[in-house]
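Student:
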Amino acid sequence: MESVFFPSAHEVEKAAIGEVFLTELWRTKMVE
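In short: position in the sequence shown from 1, add 68, done, that's my numbering.
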């Protein structure tokens with residue numbers, strides 16, 4: 069009985085964008 073969650077392409081894309089956004093945000097904070 070496997071309960072593996074396969075996210076939709078949209079969810080993956082949204083997560084990837086969020087990841088990049090957070091990384092950029094963190095980078096700008098470190099630079100200041």
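We treat Cβ as the ideally placed atom computed from N, Cα and C, and that holds for glycine.
#1: Helix, strand or coil for Glu92 per DSSP?
#2: Distance, Cα to Cα, Ser76 vs Met98?
#3: Please report how far the alpha carbon of Phe73 lies from the alpha carbon of Lys82, in whole angstroms.
Tutor: Taking the definition as stated:
#1: helix
#2: 33 Å
#3: 16 Å
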